[in-house]
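Each remark here refers to the structure printed beneath this line.
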Amino acid sequence: MEQNQSFNDLLFQAIMERQQYFDSMLLPKLQEEFRIMQSASKTILTVLQKKGVIRDDPYNYDSKRADIEVPPEDTFSDNEKAAIIGRRLSQYEAMLDYLNNYYQFNCDYLATDRIQKMVALNRTFTWESFSITSTRPNTKGLADLVNNIRNGSDPLSISIINDALTQLSKSSISITKTLKMLTDFHRERYKTAVRKMVMPGAVINPASLSNGTSAALKEIKKSFAVNMKDQPFYTELIEEILKEEYSPEHAVLQQELLARLAISKQNQTKTASAESLKPVLLDGIRTLGSVSPQLDEIVAKLAENNHLLANIEKSFFEKFSELLKKAFNIKKQDELIWITSIDPATQTGKREQLNLTEFIEDIRHRSRIFTGFTLRSSPAFQKIELMDESQILDLLTRNLAELGTVLKQCAGLDDYFKQNAPPEIRDRVRGIKVEISAIRNNIVKANQCRAEYASQVEEQQQLKKLGITHG
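Start counting the sequence shown at 4; every next residue gets the next number (the numbering used here).
What follows is the structure, given as structure tokens:
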């Protein structure tokens, strides 16, 4: 439970820091993007009106209203095009004006229902794929009207409209990305609230989850009805919590969750053009390699503890046996040690047998490899730099998984030496919890690099689908 509590503490801190980042950085920028969109859409509206392509909208959208009213998206005939598009563009600009003047751009105000309205308003016209071949009636209709001006002989109006459309496209992409991030944040904030307020009051039997989540959900609903009765019960998100807390891959899921919440702010300033993401993965490799000194310290302490236990006062026959083995050059058998590695989520122990000599030698070998990860001039690092991204990602993922297993075994050995040392020498047993904790922190940071890479790959793929990047 101690390690699980540590995860919850890290999660709560990450949520608070993430909210502060949204409120102080991302949401003010989001409001600025909406203001740019209002100004640019107003520009297009004005040019179309001056050119007589559309007329002033007879409806008064400046009157007081309770909330955003998204313009309709239904089809219309060519004869109705100018009137309907003029009305919808006018309503769109008025809704942007309302949003900019009456919405509060902070996480608490921009709840999921308001985000959905902002997303719908942002999709009234698909500026990032503005074309007369669009399948969306509003976009196609407005593109047809704009095309009429482009076919005219007024270069100034054409230039003004083109500049406005460029601004609208950039802002729409930025808004879509931020609103998606905000939606994801609200999902995790909801789950964090459930963890904090509901889960402590629910009795969950981890073993029962192998037969499905129905029993656990029933127990959680009881606690939910008492502690979060004013909130909706999202089964999908509750099941995500159960996976992150009790599934066999819970440790990986928890680290990935922390990594997603801690994505670097520099992501917000990246250009839309495709770029090599190899440096992100190489940062993860170097971060992983920096655990080498802690691994060397663990080796030294484990060897010292083993020597300490091996040299406690032996019986006459044990000493006599050792003398005989030396006399006849009989090789001493490697000692096999039974340890218990604890699953931090379920607190269930796994018994396994370790060959201590081989285990220590394996850690020494890993330490030498990891040292090569940190030195840019080393042959190992230069070889990694020549790999493609998928190979580096596989190398990073594999080493993270293997190192996680080694840490659990090290923790089991730490408990073994402390429990089996006689009282008179117990205070001389050297603990390794500090080193284990330091390595776990590096694992989290390396996982953050892995998650950042995945996020940027997804972003590039989405932009490619929109036709914004090529490759």
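The beta-carbon is built from N, C-alpha and C at its ideal position, and this holds for glycine as well.
Inset, instruction - Apply the 10 Å Cβ neighbour rule to Q269 and answer buried if 16 or more other Cβ atoms are within range, or exposed otherwise. - result: Summary for Q269: the model assigns pLDDT 44, below 50, so the residue's position carries little reliability; its value from the coordinates is reported in the next sentence. It counts as exposed.
Legend entry - Integer-rounded CB distance, given that I301 should sit under 8 angstroms from I395: Rounded to whole angstroms, the Cβ separation of I395 and I301 is 26 angstroms, and the two are not in contact under 8 angstroms.
Inset, instruction - Grab me the residues of R21's own chain with a C-beta within less than 7 angstroms of its C-beta, minus the 5 sequence neighbours each way, in chain order. - result: Only F188, L264 meet the Cβ criterion.
Inset, instruction - In angstroms with no decimal places, state the Cα-to-Cα distance between K32 and K421. - result: Roughly 54 angstroms between the two C-alpha positions.
Inset, instruction - Could you name the residues that DSSP lists as bridge partners for K353? - result: BP columns for K353 point to S344.
Inset, instruction - Can you give me the Cβ contacts of F108 inside the same chain, cut-off strictly under 7 angstroms, excluding the 5 residues immediately before and after it? - result: Same-chain partners within the cutoff: L30, P31, L33, Q34.
Inset, instruction - Kindly indicate the opening and closing residues of the alpha helix (DSSP H) around G287. - result: Its alpha helix (DSSP H) spans residues 281-292.
Inset, instruction - Have a look at A97, R453, E307, T179 and flag the residue whose alpha-carbon is nearest the alpha-carbon of N402. - result: In terms of CA proximity to N402, R453 leads the group A97, R453, E307, T179.
Inset, instruction - Figure out for me which residue from T127, Y105, A43, A228 has the closest Cα to the Cα of S162. - result: If we check each option's Cα against that of S162, A43 comes out closest.
Inset, instruction - Going by CA-CA distance only, name the one from G89, I39, S80 that's closest to Q52. - result: For Q52, the nearest C-alpha among the options comes from G89.
Legend entry - First and last residue of the uninterrupted alpha helix (DSSP H) at G155: No alpha helix (DSSP H) holds G155; DSSP gives it neither H nor E.
Inset, instruction - Output the boundary residues of the alpha helix (DSSP H) element that contains T138. - result: Where T138 is concerned, there is no enclosing alpha helix (DSSP H), because DSSP gives it neither an H nor an E.
Inset, instruction - Between the Cα of L145 and those of R91, V73, M19, spot the shortest distance and give me the residue it belongs to. - result: Ranking R91, V73, M19 by Cα distance to L145 puts R91 first.
Inset, instruction - Identify which residue in Y193, D77, L389, N151 has its Cα closest to the Cα of C110. - result: For the residues Y193, D77, L389, N151, the minimum Cα distance to C110 belongs to Y193.
Inset, instruction - Output the distance between the C-alpha atoms of K143 and F133, rounded to the nearest integer angstrom. - result: Each residue's CA atom was taken as its position, placing K143 and F133 some 8 angstroms apart.
Legend entry - Cα-Cα separation, L2 to D391: Missing from the structure shown is residue 2; the chain here goes from 4 to 474 and no further.
Inset, instruction - Identify whether L13 lies in helix, strand or coil by the three-state DSSP scheme. - result: The three-state reading of DSSP puts L13 in helix, counting H, G and I together.
Legend entry - V197 classed as buried or exposed, judged by whether at least 16 other C-beta atoms fall within 10 angstroms: Buried, because 16 or more other Cβ atoms sit within 10 Å of the Cβ of V197.
Legend entry - Straight-line gap, T179 to N125 (C-alpha atoms, nearest Å): The alpha-carbon atoms of T179 and N125 are separated by roughly 8 angstroms.
Legend entry - For I439 and S276, the rounded distance between their alpha carbons: Residue placement at S276 is poorly supported in this model, since its pLDDT is 38, which falls under 50; the coordinates still yield a value, given next. Looking at the two C-alpha atoms, the distance is approximately 40 angstroms.
Inset, instruction - Mind listing, in chain order, the continuous beta strand (DSSP E) runs of no fewer than 3 residues lying wholly within the region 382-412? - result: If one requires a minimum length of 3 residues, no beta strand (DSSP E) run lies completely within the region 382-412.
Legend entry - Nearest to V486 (by Cα), restricted to the options A441, Y419, N444: This structure gives no information on residue 486, because the portion of the chain shown stretches from 4 to 474.
Legend entry - C-alpha distance - D116 paired with L182, whole-angstrom precision: The alpha-carbon atoms of D116 and L182 are separated by roughly 12 angstroms.
Legend entry - Straight-line gap, D166 to V294 (C-alpha atoms, nearest Å): Their backbone Cα atoms lie some 51 angstroms apart in a straight line.
Inset, instruction - Taking 8 angstroms as the threshold, find out whether the region 373-393 comes into contact with the region 301-313 through three or more Cβ pairs. - result: Three or more beta-carbon pairs separated by less than 8 angstroms are not found between the region 373-393 and the region 301-313, which leaves the two stretches without contact.
Legend entry - L378 - DSSP class collapsed to helix/strand/coil: L378: coil per DSSP, three-state reduction.
Inset, instruction - Look at the Cβ atom of L305, then the Cβ atom of L416, and state whether they are nearer than 8 angstroms. - result: Result yes, Cβ atoms of L305 and L416 sit closer than 8 angstroms.
Legend entry - Length of the line joining the Cα atoms of D365 and T374: So the alpha carbons of these two residues sit roughly 14 angstroms apart.
Inset, instruction - Report the three-state DSSP secondary structure of L264 (helix, strand or coil). - result: DSSP places L264 in helix when its eight states are reduced to three.
Inset, instruction - Taking all protein chains shown into account, decide if W130 is buried (16 or more other Cβ within 10 angstroms of its Cβ) or exposed. - result: W130 is buried by the Cβ-count criterion.
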